[in-house]
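Using the numbering used here, the letters of the sequence shown map in sequence onto residues 14 to 98.
All C-beta atoms, glycine included, are put in the ideal place defined by N, C-alpha and C.
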Amino acid sequence: HHILDGVAKSVLTVPPPLLTRAYQELGSGLVHYHNAVKLAMSPFPFLYVRTCDGLLLIHWVIAPVVTSQWATHAVWAALFSFIQV
């Protein structure tokens, strides 16, 4: 809309092939945006979400314990645990 106003008022003097390409890129961007919105709004299976949450919780609890047994110093254990989790 702003592009058309600029062309109509002769503020924006752009050759027609470049203007068509700009509209084409804007349209392509809008199509990609709508595809991303459709993907974001698609429902995710409830059991899959709960399973992932449970596995992340188990990893969050077990990783520091295993890392503390594996590392030779407490600083290394904290660093490796922080990087993992």
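Within 8 Å, strictly: CB atoms of residue i and residue j
{"i": "F93", "j": "A84", "result": "yes"}
{"i": "T80", "j": "A90", "result": "yes"}
Endpoints, the alpha helix (DSSP H) within which residue i is located
{"i": "T85", "result": "Segment: none, T85 is in no alpha helix (DSSP H) and carries neither H nor E."}
{"i": "K51", "result": "P29 to M54"}
Chain-order list of residues whose beta-carbon lies under 6 Å from that of residue i (same chain, five-residue window excluded)
{"i": "Q97", "result": "A76"}
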